[in-house]
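In my numbering, the protein residues as written are 247 to 718. Glycine included, C-beta positions come from ideal geometry on N, C-alpha and C. Beneath this line is the structure, given in structure tokens, with notes to follow.
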Amino acid sequence: MDSSGLLRSLRRHARLVVVVTIASVLLAVLVSALIPRTYTAKATLFLRVQAASATLTQRSQFALERIQSFPQLLESPQLLRGVIAKLDLTITPQQLAEHLSAVVPTNTVLLEVSAEAGDPRQAATLANAAATALATDVNTLENSETNSRNAVMLVPRVVAQAPSGPSTPNVPAILGLGLLAGLVAGLLAALGLERWRPRLLDAEDVRRVTGLPLVAQLGPARRDGPVVGGQTAASSLRALGRGSIAESIVLAPAGPPVADHAVLHELARGIADTGRRVAVVGTTSDGDDAADGPGLAELLAGTVSADDVIAARTGEVDVIVAGDPDVLPSGLAIERSFASAVRPVVDAHDVTLLQSAMDDGPVDLTITARGARWVIIVASRRTTTEQEVRRVQAALRSTEVRPIGVVLTDGRPIATIDLATSWLEDDFVTAEPAAQPESEPSDVVRALRRPRRIDAAPLIRDEAPESVRGER
């Protein structure tokens, strides 16, 4: 994956990276809280060498060499038992040795004695007691009672003080490690999702995967709220249609998660708000607003006329239900009669909307798309993958139908003026209706039909580029 792909993954899954990072930092905080606090106090001893017959250089060299052997004396059982007795401790010499250490800083004659304890004052007391015991042992071992001219003595230089904070755990280091681990884990998770389930999140993704424009984005204005954005989507359709909206539009859901009717009806209401008479034709029984009465199935079976279906569904948005699937004719009969059966419905309305998916029962996308003026792919930003969108495109390609664009769901509506910045000249389409049958329309169709309104408002605001302004 190149740098652009990496940045795209981060942008698409930024929320996941943030969540994983926060979780990792919280885990680091929990680990820091569970680790017992340990305090370290340090006492410093100085090695003093006195020799009447030696030069200063000789005494310094002797002290540097001699002090290297003193740290091992801190492990002496006799010394440790003396410290235990002095402080009245209830531990063994071996246990005490685990809490004590002595080091000689490089090129010095200093000896640092450190002690660890769960209490800062106890750590300081233990360090001072161990340093005093070590100095006593060294002074006894190194100095002869009969030779007072030469003396090697360890003397206190710095007395241990109670530390102000614990030495372990190192909270800043643990939190930094948790932050780093969270960022790495979040990035790996984002890259994994990008490879496993790549999705379409914006106009750039839509163009990259399909070569089509993003027509609209519909979704709830707040979490768990109703789907909104129909008016903005209708405005975008008018802009792409250079002032008109096609008389028949098929929505092709990419994947089962978006094969519901909320988007269909919100788009229908948005188009109806422009003054157009709109019909919604159901091809499946799921999600119909009205399940009773004759519908598309009876119309295809020939048990009712188009006049009966249309007359029973009058309103601002006429919902023609799918009907009883048991009365549907065979697949070949549906394919032959579908266009002529729904033609009266299309004639009676300014815009007729259908939603039909692949392999969605007898009336699927391969049948409905052939007679539609426009076909729009519908994809969910949350669940639809790039592969599912490409499958819908392949199915439409087999019917020699090219969709005009993609509608994304599960996102906040985007204004037409913002969408227009991503459109190309080739994205604009014609909305002229197909050739009408020579027969006269029925009385019901003639009664319901009314002239289409021409909106006085501009297609999009004047700030839009000239190439995407619609004709009035």
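Whose CA, out of the options, lies closest to the CA of residue i?
{"i": "residue 351", "options": "313, 577 and 495", "result": "313"}
{"i": "residue 487", "options": "550, 461 and 587", "result": "461"}
{"i": "residue 435", "options": "624, 654 and 263", "result": "263"}
{"i": "residue 665", "options": "480, 638 and 556", "result": "480"}
{"i": "residue 466", "options": "658, 260, 270 and 258", "result": "658"}
{"i": "residue 256", "options": "276, 546, 447 and 539", "result": "447"}
{"i": "residue 451", "options": "418, 321, 627 and 362", "result": "627"}
{"i": "residue 634", "options": "331, 603 and 612", "result": "603"}
{"i": "residue 270", "options": "420, 353 and 281", "result": "420"}
{"i": "residue 675", "options": "596, 341, 482 and 337", "result": "482"}
{"i": "residue 285", "options": "373, 326, 341 and 491", "result": "373"}
{"i": "residue 572", "options": "636, 608 and 639", "result": "608"}
{"i": "residue 425", "options": "367, 444, 668 and 274", "result": "274"}
{"i": "residue 404", "options": "338, 357, 422 and 437", "result": "357"}
{"i": "residue 333", "options": "367, 309 and 304", "result": "367"}
{"i": "residue 671", "options": "304, 458, 381 and 371", "result": "458"}
{"i": "residue 388", "options": "315, 411 and 416", "result": "315"}
{"i": "residue 570", "options": "353, 415, 601 and 528", "result": "528"}
{"i": "residue 508", "options": "431, 580, 280 and 471", "result": "471"}
{"i": "residue 730", "options": "438, 541, 437 and 476", "result": "Lying before the first or after the last residue shown, residue 730 is absent from the chain, which here runs from 247 to 718."}
{"i": "residue 522", "options": "583, 489, 547 and 638", "result": "489"}
Within 10 Å of its beta-carbon, does residue i have 16 or more other beta-carbons around it, so buried, or fewer, so exposed?
{"i": "residue 693", "result": "The pLDDT assigned to residue 693 is 43, lower than 50, so where the model puts this residue is not dependable; a value taken from the coordinates is nonetheless given after this. Under this definition residue 693 is an exposed residue."}
{"i": "residue 272", "result": "exposed"}
{"i": "residue 302", "result": "exposed"}
{"i": "residue 266", "result": "buried"}
{"i": "residue 484", "result": "buried"}
{"i": "residue 359", "result": "buried"}
{"i": "residue 556", "result": "buried"}
{"i": "residue 735", "result": "What is shown of the chain runs 247 to 718, which leaves residue 735 out entirely."}
{"i": "residue 418", "result": "exposed"}
{"i": "residue 478", "result": "buried"}
{"i": "residue 276", "result": "exposed"}
{"i": "residue 682", "result": "Note on residue 682: pLDDT 44, under 50, position unreliable in the model; the coordinate value appears next. Label assigned to residue 682: exposed."}
{"i": "residue 636", "result": "exposed"}
{"i": "residue 689", "result": "Per-residue confidence for residue 689 stands at a pLDDT of 47, beneath the threshold of 50, marking its modelled position as unreliable; no derived number is given."}
{"i": "residue 365", "result": "exposed"}
{"i": "residue 520", "result": "buried"}
{"i": "residue 337", "result": "exposed"}
{"i": "residue 662", "result": "buried"}
{"i": "residue 696", "result": "Its pLDDT being 44, under 50, residue 696 is placed unreliably in this model, and the value from its coordinates should be taken loosely. Exposed: under 16 other Cβ atoms inside 10 Å."}
{"i": "residue 643", "result": "exposed"}
{"i": "residue 400", "result": "buried"}
Using a threshold of 9 Å, state whether the C-beta atoms of residue i and residue j are closer than that.
{"i": "residue 574", "j": "residue 496", "result": "no"}
{"i": "residue 398", "j": "residue 294", "result": "yes"}
{"i": "residue 291", "j": "residue 402", "result": "yes"}
{"i": "residue 625", "j": "residue 501", "result": "yes"}
{"i": "residue 427", "j": "residue 288", "result": "no"}
{"i": "residue 317", "j": "residue 297", "result": "no"}
{"i": "residue 615", "j": "residue 591", "result": "no"}
{"i": "residue 498", "j": "residue 641", "result": "yes"}
{"i": "residue 510", "j": "residue 526", "result": "yes"}
{"i": "residue 433", "j": "residue 376", "result": "no"}
{"i": "residue 278", "j": "residue 362", "result": "no"}
{"i": "residue 568", "j": "residue 543", "result": "yes"}
{"i": "residue 384", "j": "residue 306", "result": "no"}
{"i": "residue 260", "j": "residue 329", "result": "no"}
{"i": "residue 473", "j": "residue 512", "result": "yes"}
{"i": "residue 464", "j": "residue 655", "result": "yes"}
{"i": "residue 719", "j": "residue 515", "result": "Absent from the structure is residue 719, since the part of the chain shown begins at 247 and ends at 718."}
{"i": "residue 326", "j": "residue 346", "result": "yes"}
{"i": "residue 596", "j": "residue 491", "result": "yes"}
{"i": "residue 579", "j": "residue 617", "result": "no"}
{"i": "residue 668", "j": "residue 468", "result": "no"}
{"i": "residue 550", "j": "residue 540", "result": "yes"}
{"i": "residue 415", "j": "residue 281", "result": "yes"}
Among all the DSSP beta bridges, which residues are the ones paired with residue i?
{"i": "residue 564", "result": "525"}
{"i": "residue 617", "result": "Its beta-bridge partners do not exist; DSSP assigns none."}
{"i": "residue 349", "result": "358"}
{"i": "residue 497", "result": "601 and 622"}
{"i": "residue 292", "result": "356 and 401"}
{"i": "residue 465", "result": "474"}
{"i": "residue 284", "result": "414"}
{"i": "residue 549", "result": "Residue 549 is not bridged to any residue."}
{"i": "residue 631", "result": "445"}
{"i": "residue 738", "result": "The requested residue 738 does not occur in the structure, where the chain is confined to residues 247 to 718."}
{"i": "residue 460", "result": "652"}
{"i": "residue 363", "result": "285"}
Worksheet item: Does the segment 641 to 651 touch the segment 563 to 572, meaning 3 or more C-beta pairs lie closer than 8 Å?
Response: no
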